[in-house]
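In short: position in the sequence shown from 1, add 76, done, that's our numbering.
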Amino acid sequence: MLSKKYSFVGCAAVLSGVVLAGGNSTAAETGCGEEVPCEIENGQYYIHLPKAHEDGEVLGAIFYLHGHRGKAVNAIRNKGFQRMADELGVAFVAVQGVDGTWSFPTAPRNLRDEAVFFDSVLSDLSDKFGVDKNRTLLSGFSSGGFMTWYLACQDSGKFSGYAPIAGAFWEPLPKDCPTEPPYLFHVHGTSDTVVPLAGRWLGGGQWKQGDVFESFDVWRRQNGLEDAAPQKFTDGNLTCERWQPSEGLLELCLHDGGHSVEAKWIKRAWTELGSMMGWTEKG
């Protein structure tokens, strides 16, 4: 087992002429895309469509949740994320939190019912862009990673898989999750001081980020894996441990860096998930 060491813009930006799966509307017809937000009840999201996508082809999507006080538009502008989506042939969806925050159960503020909101996002993407709800990956960084963990805990079937980066549960950690185990690919830096592996107190001791290892223990305990030895392996700069419940997957990958996110980690999660689901061939 890994050592527990706590070592809005003009319409010119709208995509045009891209025909989506099943004869759905083009991005130009929807009135949103790229740096023009898609407005729905209680929020908005941004979408980058892959350059090469043919009519009738199933369109999967990678969702990204920004960190504390972040802006989704900055993620949609990120060239690394755009290249990732183009290379994988998927939509990249950057969702905006209310006032740059996410309302998970133990958050300092709860400004929106996120579970209901994300149902609306998924439905809107299906209706407007032909996104297949059964071919999705939710990723989030820092505070967005916290939100990713809680959405997986509330209903693991909402998204096909989850790829949180540098963020897990907050204390008090849930005793269990009322859902089947997710396909969860977690990445964290051993030198992270913003969201340390052990967590940290915030707000003068009012709130505490949870311990990443203890967050995994919630899932392991729930699925009878407390004493199960993980599969250990390395992948590039990641040192990983993987537990295999009867359904789903629990994976913890560490790197020796700090509080950071890289598109290649999200791309890896999509590729691994796609291989397990039969969407893609691993390679």
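Where is the CB? At the ideal position from N, CA and C, for every residue including glycine.
These numbers were taken from a predicted model, which means no experiment stands behind them.
(request) Identify every residue that forms a DSSP beta bridge with His124. (result) Phe168
(message) Considering just the uninterrupted stretch of the alpha helix (DSSP H) at Asn150, what are its terminal residues?
(response) 148-153
(request) Just mark Glu348 as buried or exposed, buried being the case when its beta carbon has 16 or more other beta carbons within 10 Å. (result) buried
(message) Just to confirm, is the Cβ distance from Trp319 to Leu301 under 9 Å?
(response) yes
(message) Suppose the cutoff is 6 Å on Cβ atoms and the five residues either side in sequence are ignored; what does the same chain contact list for Gly243 look like?
(response) Ser218, Gly221, Phe222, Val271
(request) Using 10 angstroms around the beta-carbon of Gly99, count the other beta-carbons present and answer buried if the total reaches 16, otherwise exposed. (result) Model confidence at Gly99 stands at a pLDDT of 41, short of 50, so the residue's coordinates are unreliable; what they give is reported in the following sentence. Per the 10 Å Cβ criterion, exposed.
(message) To test your reading of the DSSP string, which unbroken beta strand (DSSP E) runs of 3 or more residues are found completely within the segment 284-319?
(response) 307-311, 314-319
(request) Note down the Cα distance separating Trp178 from Glu190, rounded to an integer number of angstroms. (result) 8 Å
(request) Pick helix, strand or coil for Ala274, following the three-state DSSP scheme. (result) coil
(request) Please go through the same chain and pick out, in chain order, the residues whose beta-carbon is closer than 6 Å to the beta-carbon of Ser215, but skip the five residues on each side of it. (result) Tyr140, Ala239, Ile342
(message) Relative to the C-alpha of Val166, which candidate in Leu325, Gly265, Leu213 has its C-alpha closest?
(response) Between Val166 and the set Leu325, Gly265, Leu213, the nearest pair of CA atoms involves Leu213.
(message) Taking the alpha helix (DSSP H) that Thr182 belongs to, which residues open and close that run?
(response) No alpha helix (DSSP H) holds Thr182; DSSP gives it neither H nor E.
(request) Check each candidate in Cys108, Gly143, Gly265 and name the one with the smallest Cα separation from Lys204. (result) Cys108
(message) Can you list, in chain order, the residues of its chain with a C-beta nearer than 6 Å to that of Asn313? Leave out the 5 residues immediately preceding and following it.
(response) Around Asn313: His331.
(request) Output the distance between the C-alpha atoms of Pro250 and Val149, rounded to the nearest integer angstrom. (result) If I take the Cα positions, the gap works out to 32 Å.
(request) Only counting runs of 3 or more residues, tell me where the beta strand (DSSP E) segments fall wholly within the segment 186-219, in order along the chain. (result) Here the runs fully enclosed are 207-217.
(message) Let me confirm a value: Ser322 is counted as buried when at least 16 other C-beta atoms fall within 10 Å, else exposed. Which label applies?
(response) exposed
(request) Please determine if the segment 290-308 and the segment 257-264 are in contact, where contact requires at least 3 C-beta pairs separated by less than 8 Å. (result) yes
(request) Give the DSSP bridge partners of Gly324, in chain order. (result) DSSP, once it has assigned bridges, lists no residue as partnering Gly324.
(request) Inspect the beta-carbon positions of Arg188 and Gly119 and report whether they are closer than 9 Å. (result) Against a cut-off of 9 Å, the Cβ pair of Gly119 and Arg188 comes out as a contact.
(request) With a threshold of 16 other CB atoms inside 10 Å of the CB of Phe309, please say whether the residue is buried or exposed. (result) exposed
(message) Between the alpha carbons of Trp346 and Ile138, how many angstroms are there, rounded?
(response) Answer to the nearest angstrom: the Cα atoms are 8 Å apart.
(request) Determine the DSSP secondary structure at Phe235, reduced to helix, strand or coil. (result) Assignment of Phe235 by DSSP, reduced to helix, strand and coil, places it in the coil class.
(message) In whole angstroms, give me the CA-to-CA distance for Asp268 and Leu278.
(response) 15 Å
(request) Find out if the Cβ-Cβ distance for the pair Leu273, Asp293 is shorter than 9 Å. (result) no
(message) Shorter than 8 Å, the distance from the beta carbon of Val288 to the closest heavy atom of the ligand SAH, or not?
(response) Only the bare structure without any ligand can be found here, which leaves the ligand SAH out of the picture.
(message) Which residue marks the beginning of the alpha helix (DSSP H) containing Asn348, and which one marks its end?
(response) Note on identity: in this sequence residue 348 is Glu, with Asn being the wrong assignment. Segment 339-353, the alpha helix (DSSP H) holding Glu348.
(request) Tell me where the beta strand (DSSP E) around Leu260 begins and ends. (result) 259-265
(request) Between the Cα of Asp195 and those of Glu130, Pro181, Ile116, spot the shortest distance and give me the residue it belongs to. (result) Comparing Cα positions, the closest option is Ile116.
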